[in-house]
Amino acid sequence: MYEKRKIWLGVSSALLATSVASTEVDAKSLPSDGNQLVTAISSVSLLSVGEGGEGEAGEGEGGTNIDLAKDDAAFLAQLGLIRGHLWVGYKLYQEGHIDMAKTHMKHPEDELYAGLKPVFEARKVNGFANELQTLAKAVNEEKGEAAVKKAYRALQSRITQSEEIQVKSARDILLSISLMIRTAADEYAIGVKKGDVVNVHEYQDAFGFTEIAIERLDSISSEQQELAQDDIANTRQWLLELRELWPSVDPKGKLEGDASHLYGAAARIELAAMNN
Numbered sequence: 043m044y045e046k047r048k049i050w051l052g053v054s055s056a057l058l059a060t061s062v063a064s065t066e067v068d069a070k071s072l073p074s075d076g077n078q079l080v081t082a083i084s085s086v087s088l089l090s091v092g093e094g095g096e097g098e099a100g101e102g103e104g105g106t107n108i109d110l111a112k113d114d115a116a117f118l119a120q121l122g123l124i125r126g127h128l129w130v131g132y133k134l135y136q137e138g139h140i141d142m143a144k145t146h147m148k149h150p151e152d153e154l155y156a157g158l159k160p161v162f163e164a165r166k167v168n169g170f171a172n173e174l175q176t177l178a179k180a181v182n183e184e185k186g187e188a189a190v191k192k193a194y195r196a197l198q199s200r201i202t203q204s205e206e207i208q209v210k211s212a213r214d215i216l217l218s219i220s221l222m223i224r225t226a227a228d229e230y231a232i233g234v235k236k237g238d239v240v241n242v243h244e245y246q247d248a249f250g251f252t253e254i255a256i257e258r259l260d261s262i263s264s265e266q267q268e269l270a271q272d273d274i275a276n277t278r279q280w281l282l283e284l285r286e287l288w289p290s291v292d293p294k295g296k297l298e299g300d301a302s303h304l305y306g307a308a309a310r311i312e313l314a315a316m317n318n
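Adding 42 to a residue's 1-based position in the sequence shown gives its number in the numbering used here.
1. Beta carbon of LEU221, beta carbon of ALA314: below 8 Å?
2. Span of the alpha helix (DSSP H) holding LYS166?
3. Go through the segment 155-229 residue by residue and report every complete run of the alpha helix (DSSP H) that reaches 4 residues or more, in order.
4. Below 8 Å, how does it come out for the segment 146-154 and the segment 274-283: are there three or more Cβ pairs, yes or no?
5. When the Cα atoms are used, what is the spatial distance from LYS112 to LYS166?
6. Could you tell me which of GLU286, ASN317, VAL240, ALA309 sits nearest to GLU272, measuring between CA atoms?
7. Whose C-beta lies closer than 7 Å to the C-beta of LEU259 among residues of the same chain, with five residues either side of it excluded?
8. Spell out a yes or no on whether the segment 281-290 and the segment 239-257 are touching, meaning 3 or more CB-CB pairs, one atom from each, closer than 8 Å.
9. Measuring CA to CA, which of ALA270, HIS127, ASP114, GLU244 is closest to LYS148?
10. Whole angstroms is fine: what's the gap from LEU197's alpha carbon to ALA212's?
11. Could you tell me if VAL209 is buried or exposed, where buried requires 16 or more neighbouring beta carbons within 10 angstroms of its beta carbon?
12. Indicate the three-state DSSP secondary structure (helix, strand or coil) for LYS144 in the structure shown.
13. Counting only the same chain and skipping the five closest in sequence on each side, list residues whose C-beta sits under 6 Å from that of ILE207.
14. SER218 and GLY157 look like a contact to me (Cβ under 8 Å); what is the Cβ gap, rounded to whole Å?
15. Can you tell me which of ASP300, THR202, TYR135 puts its alpha carbon nearest to the alpha carbon of LEU177?
16. Could you spell out the range, first to last residue, of the alpha helix (DSSP H) harbouring LEU123?
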């Protein structure tokens, strides 16, 4: 299923960031269109979600396992993707696009969440299956704006508890953001072809992932904010510039956006993360 592949495509970007940092590549040498990043990533083994919520290397040599129970950046990226789906679903609901909103609401049995259950146990956090189910039910059964709003807020609160961002390093948080933007780039590339929206769902997913990445910057602890002040400020600027790619949640007509802007931002954020 494409859902599984797309999530973990972005994780290979983290591996690339480590390699780039180890060779002391200057961030200024990266082209703004991200082509260098795309070329390099193509040589990295892609990962898929295996049982237990861990990334398992694909066939062939050179694969790398990602353990979500131990890798904070990958764990936060996974939760960020869930938040992104829900964010765009809620926005669509608020704007009256009920049928489209339903397609973004996740259930506890969906693989995006199901693979996290043992990870939550290992990290000794509660997860948010009940709240996820309540929101999906409120939207799918069209229970009304008040019920959906209440369920959405309750779910966001529970996800925050699971993330525990206040005890995470700026490095891991920025790296998680770069992973999310890399995935957003993949989604946008599928959703928008030569200015035409050919897959609105993927276009919307990319929107949600990027908005959650922006929100995540405000969750970094004050201590980490101070330690990584410049890198956080730069990341915020790069992310805010990306908003031009989404003139609306349900666009009409031609778009001027291109996924290369997202790939380029992901590369710069990765390098900023490695400074910390």
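The C-beta atom is built at its ideal place from N, Cα and C for all residues, glycine as well.
On the basis of the coordinates in this document:
1. no
2. Neither: LYS166 is in no alpha helix (DSSP H) and is coded neither H nor E.
3. 159-165, 171-182, 187-205
4. Verdict: no, contact absent.
5. Between LYS112 and LYS166, the C-alpha separation is close to 12 Å.
6. In the sequence on display, residue 272 carries Asp and not Glu. The option with the nearest alpha carbon to ASP272 is ASN317.
7. ILE274, THR277, ARG278
8. yes
9. HIS127
10. 24 Å
11. exposed
12. helix
13. SER261
14. The C-beta distance from SER218 to GLY157 rounds to 17 Å, too long to fall under 8 Å, and the pair is not in contact.
15. Minimum Cα distance to LEU177 is reached at TYR135.
16. 114-136
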